[in-house]
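Protein chains: 2
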Amino acid sequence: MQVMIIGAGGMLGRKLAARIAADGALEGKPVEALSLIDVVAPEAPAGFAGKASCEAADLSAPGVAAALVAARPEVIVHLAAIVSGEAEADFDKGYRINLDGTRLLFEAIRAEAAKAPYRPRVVFTSSIAVFGAPFPEVIDDEFFCAPLTSYGAQKAIGELLLNDYTRRGFMDGIAIRLPTICIRPGKPNAAASGFFSNILREPLVGQEAVLPVEESVRHWHASPRAAVGFLVRAASMDLAPLGNRRTLNLPGLSATVGEQIEALRRVAGERAVKLIRRVPDPTIARIVAGWPENFTATRAKTLGFAAETTFDEIIRVHIEDELGGSPPG
Amino acid sequence: MQVMIIGAGGMLGRKLAARIAADGALEGKPVEALSLIDVVAPEAPAGFAGKASCEAADLSAPGVAAALVAARPEVIVHLAAIVSGEAEADFDKGYRINLDGTRLLFEAIRAEAAKAPYRPRVVFTSSIAVFGAPFPEVIDDEFFCAPLTSYGAQKAIGELLLNDYTRRGFMDGIAIRLPTICIRPGKPNAAASGFFSNILREPLVGQEAVLPVEESVRHWHASPRAAVGFLVRAASMDLAPLGNRRTLNLPGLSATVGEQIEALRRVAGERAVKLIRRVPDPTIARIVAGWPENFTATRAKTLGFAAETTFDEIIRVHIEDELGGSPPG
């Protein structure tokens, strides 16, 4: 099987490529070729026995989508996107990459299928940013999209396109709305959601981290490892049970910041917790207040998607996957 | 005030232009200029005291949207669309007219606003086709879009764009999801929904009509006069109370075919009812089974949108507006 990952240079793309390289397969189906695409050529994952190709390409540029799809990959994982903050700051760029890029990909698949039968699996990563406040405490699978960012609007449009192209038989698509990824590896960043990861990741290695909101703030999380599991499952499972509704709210863990901190205390002790510095930031508090807190994710759970159920588990996953098994402290 | 109607040649566009011409205003605000656009130049409405201009233009063609918006109309009513059946039969045309045409209009408005302050009222007619079965018996204002036609997907995408462009301050938009229009004037047509009108309109003038479904079939209706009232209200009301949620399910009348027929009996007698010929059509029955039956339309009602509450009323509106006040029979 030939798998293409568009947006393979990002955190999730790299982890997915590494997982496929390690498994040599997608849930038991052998992967012979891995095509990794990003605006800067991604690195090939270590230890892949098949053929890996890495290419720099901008999906939104003329002809690029057609050239990529000409290789007829059986599975296309479309992760490429401008993030929320940038899509809000640069309206044209957000629509060009997040909407036009996605539509050009789908159109290229349709054009390829018009030449000779072709119906690839397409996994599109959407986001809980398709929802906008006010919403119920727990969002069910039939709650409407009312995004409050251009990024959220672009993702919701991508979902509608994917569902229509799939219903029309041009592809076999699935759109998955990922929880916030926690603990995000790497450096602290300035994204409004950054602190959810920072307050765990930094103290685990003896560094200070800033908490800008109250401990009562509740949010929706899954580990990078769970997210890769979602992608693998979406790329390989039989999608017929989804019928014409190819968009899923994925499972996650609904937890308060206080619960995150208690888990940190249990896993890494009081010394780690003491490294969290409380610096209230009203701007971040206001942004975060507009974010979803909890989901039923009933359909996705029924279909076998699974995330962590405690923050202790999320922290242990980080220790295993990023810190070599034990916190250095 | 300058009002532009795009798609002014259709049934609703003509009726809206006639209403504005008769009133010389939009809910009390004087209209000095009326610009009517369609792919074939529409006719100017009779009796308009202001300046009417009628123009043939295809919104999806390069440069057309910019040229239209250059006149800076304060109100733009965007009715232009390829209907459901055609959008399903011609994938490219549906996306070109219904999605690209709408997006080009919104982009032209944004570009015009970048030259000098401009924030027109934009009324976008969406449809209950944004919903796809299965759904609850009564659809509330927060039920999700899962369209089962490309037309429905294109309308749902138009709504998302309108909401985002409005949130970003580029326009003052409202998207209204119209009920099925009944009694639709004119000739019987082959649309799957045609019979809802045919079984009343034809018998009222002594003609036979075919009923292809069971009398138990329930659907969601409003008269053409109510629809024009929706457009006038959407074009003129203060939209601030809608906040960032600029899409409305509009009120209508939920009625079974049996209830339609009973109303016909009360208004036009047994002789009219006897002109309805039952010719079951499994294809139409299957299509109609996937359509919504009822809505709460709570937000729209709170905002002053109103439709008929009995089918007797819908029939009387047709008699007054299309048959000169009394059924010829």
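Going down the list, the sequences are from chains F and C.
In this text, residue positions in the first sequence follow the UniProt record's numbering: the first is 1, and each later residue adds one.
In this text, residue positions in the second sequence follow the UniProt record's numbering: the first is 1, and each later residue adds one.
C-beta: ideal position from N, C-alpha, C; glycine also.
Source: prediction; values computed, not measured.
Beta-carbon proximity list for residue i, same chain, < 8 Å, skipping 5 on both sides
i, result
"residue 26 of chain C", "1, 3, 20, 75, 232, 235, 236"
"residue 266 of chain F", "312"
"residue 170 of chain F", "106, 109, 110, 113, 119"
"residue 270 of chain F", "none"
"residue 91 of chain F", "150"
"residue 323 of chain F", "204, 205"
"residue 124 of chain F", "78, 102, 158, 159, 162, 173, 174, 175, 176"
"residue 277 of chain F", "208, 209, 210, 211"
"residue 306 of chain F", "226, 229, 251"
Selection from the options that minimises the alpha carbon distance to residue i
i, options, result
"residue 54 of chain F", "F:33, F:61, F:65, F:63", "F:33"
"residue 41 of chain C", "C:80, C:72, C:69, C:62", "C:80"
"residue 155 of chain C", "C:94, C:211, C:90, C:295", "C:94"
"residue 72 of chain F", "F:251, F:116, F:45, F:225", "F:116"
"residue 122 of chain C", "C:288, C:181, C:175", "C:175"
"residue 211 of chain C", "C:67, C:196, C:104", "C:196"
"residue 162 of chain C", "C:31, C:77, C:314, C:262", "C:77"
"residue 299 of chain C", "C:39, C:143, C:99", "C:143"
"residue 223 of chain F", "F:206, F:254, F:209, F:238", "F:254"
"residue 377 of chain C", "C:191, C:251, C:241", "As shown, chain C starts at 1 and ends at 329. That puts residue 377 of chain C outside it, with no answer to give."
"residue 37 of chain C", "C:24, C:301, C:64, C:47", "C:64"
"residue 147 of chain F", "C:145, C:257, C:244", "C:244"
"residue 126 of chain C", "C:104, C:230, C:284", "C:230"
"residue 58 of chain F", "F:87, F:8, F:86", "F:8"
"residue 294 of chain F", "F:319, F:246, F:133", "F:133"
"residue 51 of chain C", "C:66, C:31, C:67, C:68", "C:31"
"residue 214 of chain C", "C:43, C:287, C:165", "C:287"
Coil, strand or helix - residue i by DSSP
i, result
"residue 164 of chain F", "helix"
"residue 260 of chain C", "helix"
"residue 320 of chain C", "helix"
"residue 92 of chain F", "helix"
"residue 39 of chain F", "coil"
"residue 100 of chain F", "helix"
"residue 107 of chain F", "helix"
"residue 21 of chain F", "helix"
"residue 159 of chain C", "helix"
"residue 139 of chain F", "strand"
"residue 126 of chain F", "strand"
"residue 119 of chain F", "coil"
"residue 53 of chain C", "strand"
"residue 69 of chain C", "helix"
"residue 26 of chain C", "strand"
"residue 114 of chain F", "helix"
"residue 12 of chain C", "helix"
"residue 133 of chain F", "coil"
"residue 7 of chain C", "coil"
Cβ of residue i within 7 Å of any chain D Cβ
i, result
"residue 146 of chain C", "Among the protein chains of the structure shown, namely F and C, there is no chain D."
Proximal residues to residue i (C-beta, below 7 Å), its chain only, five neighbours per side dropped
i, result
"residue 168 of chain F", "none"
"residue 227 of chain F", "12, 178, 181"
"residue 141 of chain C", "249, 296, 298, 299"
"residue 225 of chain C", "317, 321"
"residue 69 of chain C", "108, 109, 112"
"residue 49 of chain C", "24"
Contact list for residue i against chain C, beta-carbon separation under 9 Å
i, result
"residue 89 of chain F", "Simply none; closest approach about 12 Å."
"residue 7 of chain F", "Residues of chain C passing the Cβ test: none, with the nearest at roughly 22 Å."
Within chain F, partners of residue i - CB distance below 9 Å
i, result
"residue 142 of chain C", "135, 136, 142, 143, 144, 146"
"residue 150 of chain C", "164, 167, 168"
"residue 101 of chain C", "Within chain F, no residue comes near residue 101 of chain C; the closest Cβ sits about 15 Å away, beyond 9 Å."
Chain F contact residues for residue i, given Cβ-Cβ distances below 8 Å
i, result
"residue 337 of chain C", "Only positions 1 to 329 of chain C appear in the structure, and residue 337 of chain C is not among them; the question remains open."
"residue 173 of chain C", "By Cβ distance, chain F contributes nothing, its closest Cβ being about 13 Å from residue 173 of chain C, past 8 Å."
Heavy atom of the ligand NAP within 6 Å of residue i beta-carbon
i, result
"residue 217 of chain C", "Ligands are entirely absent from the displayed structure, and the ligand NAP is therefore not among its contents."
Partners in chain C for residue i, counting only beta-carbon separations shorter than 8 Å
i, result
"residue 153 of chain F", "160, 161, 163, 164"
Contacts of residue i in chain C (Cβ-Cβ under 7 Å)
i, result
"residue 245 of chain F", "146"
"residue 28 of chain F", "Those within 7 Å of residue 28 of chain F in chain C number zero; the least Cβ separation is about 31 Å."
Own chain partners of residue i with C-beta closer than 6 Å, once the 5 adjacent residues on each side are dropped
i, result
"residue 99 of chain C", "154, 157"
"residue 152 of chain C", "129, 130"
"residue 184 of chain C", "197"
"residue 45 of chain C", "17, 18, 21"
Residues that residue i contacts on chain F, provided the C-beta gap is smaller than 7 Å
i, result
"residue 304 of chain C", "Chain F residues near residue 304 of chain C: none, gap ~22 Å exceeds 7 Å."
"residue 252 of chain C", "Within 7 Å Cβ-Cβ: nothing; residue 252 of chain C doesn't reach chain F, min ~19 Å."
"residue 13 of chain C", "Neighbours of residue 13 of chain C on chain F: none; closest Cβ ~26 Å, over 7 Å."
"residue 24 of chain C", "The premise fails here: residue 24 of chain C is roughly 37 Å from chain F at the closest Cβ pair, so nothing lies under 7 Å."
"residue 290 of chain C", "In chain order: nothing, as chain F lies at least about 10 Å away."
"residue 85 of chain C", "Simply none; closest approach about 15 Å."
- [ ] Would you list, in sequence order, the uninterrupted beta strand (DSSP E) runs of no fewer than 3 residues that lie entirely inside the segment 238-316 of chain F?
- [x] The segment 238-316 of chain F contains these whole beta strand (DSSP E) runs: 247-249, 253-256, 276-278.
Task: Length-filtered (3 minimum) beta strand (DSSP E) runs lying within the segment 187-240 of chain F - done: 209-211, 218-222
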